[in-house]
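J.: Sharing a structure with you now.
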DNA sequence: AAATTAATTTAGGTAAGACGAAATATTCAC
DNA sequence: GTGAATATTTCGTCTTACCTAAATTAATTT
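Residue numbers (the numbering used here), protein chains in the order written: chain A, 2 to 231; chain B, 2 to 231.
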């Protein structure tokens, strides 16, 4: 049961566990085995096993049947990985002209291979961005992150104005679709109508003459985060 | 003994085997087990095992006790990996200001994670370079490579002029040293003297007033490739 | 033909992670 | 509070993908 020494380099699966645990913990206070399993598309039994190993390495604390919480070190590693991912995504779009629906998969692989040196140089080269192309905040080199809670598009009242601040980044096809509609971070929106019973929401996107009206399903709309405007 | 299907993605060790087999084969016609083992710092027995697996996958042909040769497919994979490595090295120096002694290690990791798409975008962004920062030729997207045989610095006759075309890239400290001396690809040199019995060579590096004279060991000098000039 | 060198086979080990099934704990509904 | 449903863990195994030492066999040298 002895604690192993801390390596400064972790395997890709370990980094991925820590990433999703960080996200779940932030959203719900503690990460349950099943949630982790579902997000990683892995059997719950496998998660139990890995969780034990991560706990042995001092990356998280585990209360049986109560979920896990990252330790200081675990949080550090998670945020470093998230920073890598988001800096890489930003760099690919801004410096290499990648379309925003492709950067996620590429970053998903590179984040485990890129050195801190490289990530820092990338960040510097594009002016130390604070959010990635999907509006997600980028942790600093020191591991600070500006996590804000935004409301979903579906939370706007009919007639209310808003501005898109963030969209979820993990599905390329959905992203492409959102892009076609103009629903990217920064876009001005007006919620026109919400159909009841799980119906679509009607939104006007864009400013002035170039406004476009569209109808999108509630699931998709819930993944578009906005802030209220004027 | 059935041939497995060909995956389009290979593990890092496999790509590394193919890379060094390509290099050895180019230099000596066929790659012997011991040579591969030595270059990869691995026991010969392990090489025998891996060679069998690679042969089963159709990446190389193996005549027992006679060494291996890459198949068309093996060569394709090797050259793709080499292209990745060298494009990444070039990109890191030219676009991100990496010092030339650090790019090798970074590229060594990234080459196994970067997609063709990314590598092609990097190449395009810096104007489709044909050689990497150490003067090594970069294979094209189609797998063609312009392999030229150059002479070593030690092969110049005293008094002869030359131009550095390539240096070996795998040792950061040596590269830093060569850099300090100005011995980078493109540098003009004059061989002043070769001391006998494994002694140092004396070289004048640079042009006109800025010439510097230096003495370097024969091992190092043998890794500096040049072409004769004027 | 013996000695040397090179390569291969054998048998086994490791690391890292995954899984299904069974057992156990917790929570929920009433 | 009890039983059902759900969540979690443990157990015993498996896989992949590599690596190794020691012993054996083949090729080469002289």
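Positions of the beta carbon are idealized from the N, C-alpha and C atoms, including for glycine.
Any idea if residue 152 (chain A) is buried or exposed, counting beta-carbon neighbours within 10 angstroms, 16 or more meaning buried?
T.: Within the first chain, the letter at position 151 stands for residue 152 (chain A). Classification for residue 152 (chain A): exposed.
J.: If you pair each beta-carbon of the segment 143-152 of chain B with each one of the segment 177-184 of chain B, do three or more pairs fall below 8 Å?
T.: The answer is no - the segment 177-184 of chain B does not touch the segment 143-152 of chain B, with fewer than three Cβ pairs under 8 Å.
J.: Measuring alpha carbon to alpha carbon, tell me which residue in B:32, B:42, B:90, B:79 is nearest residue 65 (chain B).
T.: Translated into the one-based positions of the second chain, residue 65 (chain B) becomes position 64. Nearest option by C-alpha distance: B:32.
J.: Any contact between the segment 152-168 of chain B and the segment 81-99 of chain B? By contact I mean 3 or more CB pairs, one from each, below 8 Å.
T.: In short, these stretches do not touch, since the Cβ pair count stays below three.
J.: Determine whether the Cβ of residue 98 (chain B) lies closer than 9 Å to any Cβ atom of chain A.
T.: Taking the first residue of the second chain as position 1, residue 98 (chain B) is located at position 97. Yes, residue 98 (chain B) lies at the interface with chain A (some Cβ there is under 9 Å from its Cβ).
J.: What residue does the beta strand (DSSP E) around residue 20 (chain B) start on, and which one ends it?
T.: By one-based count along the second chain, residue 20 (chain B) stands at place 19. No beta strand (DSSP E) contains residue 20 (chain B), which is instead part of the alpha helix (DSSP H) from 13-29.
J.: Within a Cβ cutoff of 6 Å, which residues of the same chain sit near residue 216 (chain B), ignoring the five residues on either side of it in sequence?
T.: Sequence index remark: in the second chain, residue 216 (chain B) carries index 215 (1-based). Cβ within range, chain order: 201, 203.
J.: So, helix, strand or coil for residue 176 (chain A), using DSSP?
T.: The count along the first chain starts at 1 and reaches residue 176 (chain A) at position 175. Residue 176 (chain A): helix per DSSP, three-state reduction.
J.: Cβ atoms of residue 188 (chain A) and residue 206 (chain A): under 9 Å apart, would you say?
T.: Mapped onto the first chain, residue 206 (chain A) falls at position 205. Mapped onto the first chain, residue 188 (chain A) falls at position 187. Taking 9 Å as the Cβ cut-off, residue 206 (chain A) and residue 188 (chain A) qualify as a contacting pair.
J.: When burial is assigned at 16 or more other CB atoms within 10 Å of the CB, is residue 213 (chain B) buried or exposed?
T.: Here residue 213 (chain B) refers to the residue found at position 212 when the second chain is read from its first residue. So residue 213 (chain B) counts as exposed.
J.: Kindly list the residues whose CB is nearer than 7 Å to the CB of residue 224 (chain B), restricted to its own chain and excluding five residues on each side of it in sequence; keep chain order.
T.: As a position in the second chain, residue 224 (chain B) is number 223, starting the count at 1. These residues qualify, in order along the chain: 168, 169.
J.: Classify residue 6 (chain B) as helix, strand or coil using the three-state DSSP reduction.
T.: Start at 1 with the first residue of the second chain, and residue 6 (chain B) comes out as number 5. Interpretation of residue 6 (chain B) is limited by its pLDDT of 44, a score under 50 that renders its predicted location unreliable; the figure taken from the coordinates is listed afterwards. The answer is coil: DSSP assigns residue 6 (chain B) none of H, G, I, E or B.
J.: Taking DSSP as the reference, what is the three-state secondary structure of residue 54 (chain B)?
T.: Reading the second chain from its first residue, position 53 is the one you call residue 54 (chain B). If DSSP states are grouped into helix, strand and coil, residue 54 (chain B) belongs with the helices.
J.: What's the C-alpha gap between residue 192 (chain B) and residue 105 (chain A)?
T.: Locating residue 192 (chain B) in the second chain gives position 191, counting from the first residue. Locating residue 105 (chain A) in the first chain gives position 104, counting from the first residue. One C-alpha to the other measures close to 52 Å.
J.: Beta-carbon of residue 122 (chain A) versus every beta-carbon of chain B: anything under 9 Å?
T.: Locating residue 122 (chain A) in the first chain gives position 121, where the first residue counts as 1. Taking Cβ atoms only, chain B reaches closer than 9 Å to residue 122 (chain A), which makes this a yes.
J.: Could you run through the segment 77-111 of chain B and flag, in chain order, every residue whose CB is less than 9 Å away from some CB of chain A?
T.: The residues in question are 93, 96, 97, 98, 99, 103, 106, 107, 110, 111.
J.: Does residue 115 (chain A) get closer than 9 Å to chain B when you measure Cβ to Cβ?
T.: As a position in the first chain, residue 115 (chain A) is number 114, starting the count at 1. Yes, its Cβ sits closer than 9 Å to a Cβ of chain B.
J.: Just to make sure I have the definition right: I need the residues of chain B whose C-beta is within less than 9 Å of the C-beta of residue 174 (chain A). Which are they?
T.: Stepping through the first chain from its first residue, residue 174 (chain A) is reached at position 173. Simply none; closest approach about 17 Å.
J.: Helix, strand or coil for residue 42 (chain A), going by three-state DSSP, please let me know.
T.: Position 41 of the first chain, counted from the start, is the residue given in the question as residue 42 (chain A). Reduced to three states, the DSSP call for residue 42 (chain A) is coil.
J.: Excluding sequence positions up to five away, which residues of its chain have a Cβ less than 8 Å from the Cβ of residue 226 (chain A)?
T.: Along the first chain, read from residue 1 onward, the residue named residue 226 (chain A) stands at position 225. The answer, listed in chain order, is 136, 151, 152, 153, 154, 165, 166, 167, 168.
J.: Along the alpha helix (DSSP H) that carries residue 108 (chain A), what are the first and last residues, could you check?
T.: Position 107 of the first chain, counting from 1, holds the residue named residue 108 (chain A). 104-111 is the span of the alpha helix (DSSP H), which, as asked, contains residue 108 (chain A).
J.: Quick one: using the 10 Å Cβ neighbour count with 16 as the cut-off for buried, is residue 208 (chain A) buried or exposed?
T.: Translated into positions along the first chain, residue 208 (chain A) becomes position 207. Answer is exposed; the Cβ neighbour count stays below 16.
J.: Do the segment 115-123 of chain B and the segment 80-87 of chain B make contact, defined as three or more Cβ pairs closer than 8 Å?
T.: Because the criterion of three Cβ pairs below 8 Å is met, the segment 115-123 of chain B and the segment 80-87 of chain B touch.
J.: Around the Cβ of residue 159 (chain A), are there at least 16 other Cβ atoms within 10 angstroms (buried) or fewer (exposed)?
T.: Residue mapping note: residue 159 (chain A) aligns to position 158 of the first chain, counting from 1. Classification of residue 159 (chain A): exposed, given that the 10 Å Cβ count is below 16.
J.: Using alpha carbons as the reference points, say which of A:61, A:123, A:140, A:183 lies closest to residue 26 (chain A).
T.: Residue mapping note: residue 26 (chain A) aligns to position 25 of the first chain, counting from 1. Of the candidates A:61, A:123, A:140, A:183, the one whose C-alpha sits nearest the C-alpha of residue 26 (chain A) is A:61.
J.: For a test of the three-state rule: what should DSSP assign to residue 164 (chain A), helix, strand or coil?
T.: Within the first chain, numbered from 1, the residue matching residue 164 (chain A) stands at position 163. Strand, per DSSP.
J.: DSSP on residue 35 (chain A), reduced to helix/strand/coil?
T.: What you label residue 35 (chain A) is simply residue 34 of the first chain in a count that begins at 1. In this structure, residue 35 (chain A) counts as helix in the three-state DSSP scheme.
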